[in-house]
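**Q** Protein chains in written order, with my numbering: chain A, 50 to 237; chain B, 50 to 237. Here's a structure for you.
Protein chains: 2
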Amino acid sequence: MAVVDTVDVRGRILDVTAALVLEHGVAGVAQRQIAEQVGIKAASLYHHFASKNEIVEAVFRQGIDVMEHAWDEAAAAATRADPRTRLATHIRAHLSALFENGPYTAAHVTAFRTAPAEVRAAVVPMRDAYEARWTHLLGDLDRVDQPGLNRLTLFGAMNSSVEWFDTERGNLDELTEVITAQFWGRTT
Amino acid sequence: MAVVDTVDVRGRILDVTAALVLEHGVAGVAQRQIAEQVGIKAASLYHHFASKNEIVEAVFRQGIDVMEHAWDEAAAAATRADPRTRLATHIRAHLSALFENGPYTAAHVTAFRTAPAEVRAAVVPMRDAYEARWTHLLGDLDRVDQPGLNRLTLFGAMNSSVEWFDTERGNLDELTEVITAQFWGRTT
DNA sequence: GACCCTACCTAACGAACGTTAGGTAGGCAA
DNA sequence: TTGCCTACCTAACGTTCGTTAGGTAGGGTC
């Protein structure tokens, strides 16, 4: 086959799958659908992955990778910032993972819950690690009285934006400020 | 057939479907699965509904009915209360719809997004009406500066609780206070 | 030139899907 | 007693599902 255009079919499979899973959920996506959008036949997917579950597991893992990468950048940028700015930086990073680095994180937060049990079990440890970072951060900031509950509702506020936020029209910095204000208070 | 035990098969179909949709998403639920849990055969579902889509549409509609009923009760109970208490009462009512009146509302908020387009289109007007109630309330309270954005993140914080809140162990009043505090401030 | 590996293909498998056709058993009305 | 209605049933339809078997065409290696 030609060298042009055939770059990283595996990556394109994941891209396409993440977008479809975000829209229809795991069970609502057929491999023939994925293959068609990639430009190959359904059977050819098995050259890259052993099963459908393996594809969606890779999508969910990449969703966490994107989040952790965004976290690392935020952590590096905000080490010496005041606590409120640290929180805002990490909220902005999470939103960036949801909207600015492909559909992986968005697919993860919307579809993980209804994925097959085997897929979930394989990914849960990675999820826990990311959540632990947030728990640790919120404990550090020492502002909210119930860090456990507040972390969960914070995740809810951030993640639910995938259902309504429009990248073309909305402003992620503005959304960051709104959410930060809820969990910290208005600007000092 | 016997009179006993056959009470309202239609209602049992909806109950079972709502619970399954909450767990697996619309596409992840088969009619044979629903029928088996109800105790009839798959073909018999067509005596009560014309199609699978009609069943899930009825589930989503009932999800809204439960929310609106909870809203009405809250509105009646809090007419003369101070603004913060009004907000808290409605938050508590929404959480009650999510956890204390069957799986309908929980199924709605988690699975509606990935439902077939025809089903969504048929239910959207009802959704809009419920959301308008909240928009109106938040405008009335006149506390938050960006009611539109804040309503959406409030929904996110409340609705995401279906992913982690445990009715057996958790306290809905406590959760109500945590969320209310985020959107209003600590107790006066 | 022979060989093999990569990256796809066609064809088909059995299972499961939503749905339909055509029953039947029991209760109620005339 | 006949006839109809309700609420289910069995059996099967065509389609789609995830998956497998067995190719083949092109490039790299010896």
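Yeah, the Cβ is synthetic: ideal placement off N, Cα and C, and Gly gets one too.
Report buried or exposed for A/His-143, applying the criterion of at least 16 other Cβ atoms within 10 angstroms of its Cβ.
**A** Classification for A/His-143: buried.
**Q** Return the chain-ordered ranges of every beta strand (DSSP E) run that is complete within the segment 121-208 of chain A and spans a minimum of 3 residues.
**A** Taking only runs of at least 3 residues, no beta strand (DSSP E) segment lies wholly in the segment 121-208 of chain A.
**Q** Alpha carbons only, please: which of A/Leu-198, A/His-118 and A/Val-87 is nearest the one belonging to B/Asp-215?
**A** Per the Cα distances, A/Leu-198.
**Q** What is the residue span of the alpha helix (DSSP H) that A/Gly-60 lies within?
**A** That run of the alpha helix (DSSP H) goes 58-73.
**Q** Here's the rule I'm using: 16 or more other beta-carbon atoms within 10 Å means buried, otherwise exposed. How should A/Ser-145 be labelled?
**A** Buried is the call here.
**Q** Return the CA-CA distance between A/Met-50 and A/Ile-89, expressed in angstroms with no decimal places.
**A** Low confidence applies to A/Met-50: its pLDDT is 36, below 50, so where it sits in the model is not reliable, and the reading given next is rough at best. Taking the straight line joining both Cα atoms gives about 12 angstroms.
**Q** What does the alpha-carbon distance come out to for the pair B/Glu-85 and B/Arg-133?
**A** Roughly 47 angstroms between the two C-alpha positions.
**Q** Quick one: using the 10 Å Cβ neighbour count with 16 as the cut-off for buried, is A/His-139 buried or exposed?
**A** The residue in question, A/His-139, is buried, as its Cβ has 16 or more Cβ neighbours within 10 Å.
**Q** Please look up how many angstroms separate the CB atoms of B/Thr-184 and B/Arg-200, rounded, as I've assumed it's under 8 angstroms.
**A** At roughly 6 angstroms, the Cβ-Cβ gap stays under 8 angstroms, so B/Thr-184 and B/Arg-200 are in contact.
**Q** Rounded to the nearest angstrom, how far is the Cβ of B/Gly-112 from that of B/Ala-156, given a contact under 8 angstroms?
**A** Going by Cβ atoms, the distance from B/Gly-112 to B/Ala-156 rounds to 6 angstroms, so yes, they are a contact pair.
**Q** Cα separation between A/Asp-222 and B/Ile-62?
**A** So the two alpha carbons sit approximately 45 angstroms from each other.
**Q** Which residue comes first and which comes last in the alpha helix (DSSP H) that contains B/Glu-85?
**A** Segment 80-87, the alpha helix (DSSP H) holding B/Glu-85.
**Q** Are the C-beta atoms of A/Ile-83 and some chain B residue less than 8 angstroms apart?
**A** Chain B contact via Cβ: absent.
**Q** Please tell me whether B/Phe-148 has its Cβ less than 8 angstroms away from any Cβ of chain A.
**A** By this cut-off, B/Phe-148 is not an interface position.
**Q** Counting Cβ pairs, one atom from each stretch, are 3 or more of them under 8 angstroms apart for the segment 97-111 of chain A and the segment 170-186 of chain A?
**A** At 8 angstroms Cβ cutoff, the stretches touch.
**Q** Counting only the same chain and skipping the five closest in sequence on each side, list residues whose C-beta sits under 6 angstroms from that of B/Val-75.
**A** Answer for B/Val-75: Val-105, Ala-160 and Ala-164, listed in chain order.
**Q** With a cut-off of 8 angstroms, does the C-beta of B/His-73 fall near any C-beta of chain A?
**A** Cβ-Cβ to chain A under 8 angstroms: yes for B/His-73.
**Q** Counting contacts by CB-CB distance shorter than 8 angstroms, is A/Ser-209 in contact with chain B?
**A** Cβ-Cβ to chain B under 8 angstroms: yes for A/Ser-209.
**Q** Between the C-alpha atoms of A/Gly-77 and B/Gly-77, what's the straight-line distance to the nearest angstrom?
**A** Cα to Cα, A/Gly-77 sits roughly 7 angstroms from B/Gly-77.
**Q** Could you tell me whether the Cβ atoms of A/Val-193 and A/Leu-187 are closer together than 8 angstroms?
**A** For A/Val-193 and A/Leu-187, yes; Cβs fall inside 8 angstroms.
**Q** Measure the alpha-carbon distance for B/Asp-114 versus B/Met-175 and round it to whole angstroms.
**A** Answer to the nearest angstrom: the Cα atoms are 9 angstroms apart.
**Q** Measure from the alpha carbon of B/Glu-149 to the alpha carbon of each residue in B/Tyr-179, B/Arg-182, B/Val-211 and B/His-97, then state which is nearest.
**A** Closest by alpha carbon: B/Val-211.
**Q** Can you list the residues of chain B that A/Trp-213 reaches, using a CB-CB cut of under 7 angstroms?
**A** The answer, in chain order, is Leu-201.
**Q** Counting only beta-carbon atoms, is A/Val-227 nearer than 8 angstroms to chain B?
**A** So, interface residue.
**Q** A/Tyr-153 and A/Ala-92 - do their beta-carbons sit closer together than 8 angstroms?
**A** No.
**Q** Helix, strand or coil: which one does DSSP assign to B/Asn-220?
**A** Coil.
**Q** Give me the Cβ distance between B/Arg-129 and B/Thr-225, rounded to the nearest whole Å; I'm assuming they're in contact under 8 angstroms.
**A** The Cβ separation is near 19 angstroms, so there is no contact.
**Q** Assign A/Val-53 to one of two classes, buried (16 or more other C-beta atoms within 10 Å of its C-beta) or exposed (fewer than that).
**A** Legend: pLDDT at A/Val-53 = 37, less than 50; position of this residue unreliable, no value from coordinates given.
**Q** Can you tell me the Cβ-Cβ gap for A/Ala-137 and A/Thr-202, rounded? I've got them flagged as a contact below 8 angstroms.
**A** The Cβ separation is near 17 angstroms, so there is no contact.
**Q** Run down chain A in chain order and give the residues with a C-beta less than 7 angstroms from the C-beta of B/Ala-76.
**A** Chain A residues near B/Ala-76: His-73, Gly-74, Ala-76 and Gly-77.
**Q** In three-state DSSP terms, what is B/Phe-98?
**A** Three-state result, B/Phe-98: coil.
**Q** Shorter than 7 angstroms, the distance from the beta carbon of B/Val-58 to the closest heavy atom of the ligand NAD, or not?
**A** The ligand NAD is absent from the structure shown, which contains no ligand whatsoever.
**Q** Name, please, each residue of chain A whose Cβ falls closer than 8 angstroms to the Cβ of B/Phe-232.
**A** By Cβ distance, chain A contributes Gln-231.
**Q** Under the three-state reduction of DSSP, which class applies to B/Ala-76: helix, strand or coil?
**A** Three-state DSSP puts B/Ala-76 in coil, outside helix and strand.
**Q** Which residues in chain B have a C-beta closer than 7 angstroms to the C-beta of A/Leu-221? List them in chain order.
**A** None at all; the shortest Cβ gap to chain B is about 12 angstroms.
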